[in-house]
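Quick note: the numbering used here has the sequence shown finishing at residue 51, numbered continuously throughout. Data first, discussion second: the structure below is written as structure tokens.
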Amino acid sequence: MQNRLMHDGASLTFLDAILRHKGEASEVTERFRRLSHAQKEDLFQFLRSL
Ligand code: HEM
């Protein structure tokens, strides 16, 4: 898997990349913040599987 995310390569982790979603994607950032730790881990596991 590539080790840098987003078009500028500045996000090193999924957490970083998700928290940088702004504009029309800011709603998902807010929803992500409200997930439990276990739910965030599930999401990271899914993203790693892609
Ligand atoms: C559960 C919801 C979401 C997750 C977990 C997620 C996760 C990610 C991740 C990990 C990346 C980096 C991909 C890479 O560099 O290979 C990314 C990029 C991006 N996402 Fe999302 N995303 C979500 C929802 C959204 C939504 C709703 C939008 C738009 C309305 C959006 C727009 C984008 C765009 C435009 C990029 C590319 C940004 C760039 O390269 O600078 N995402 N997303």
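Note that the Cβ used here is the ideal one computed from N, Cα and C, for glycine as well.
Could you give the DSSP three-state label for Leu44: helix, strand or coil?
If DSSP states are grouped into helix, strand and coil, Leu44 belongs with the helices.
Say yes only if the C-beta of His8 is nearer than 7 Å to one or more non-hydrogen atoms of the ligand HEM, and no if none qualify.
Checking the Cβ of His8 against the ligand HEM gives yes.
Could you give the residue range of the alpha helix (DSSP H) that holds Thr14?
Taken as a continuous stretch (DSSP letters only), Thr14 belongs to no alpha helix (DSSP H), as it is neither H nor E.
If you run the structure through DSSP and keep just helix, strand and coil, what is Leu36?
Three-state result, Leu36: coil.
So, with DSSP's three-state summary, where would you put Leu20?
If DSSP states are grouped into helix, strand and coil, Leu20 belongs with the helices.
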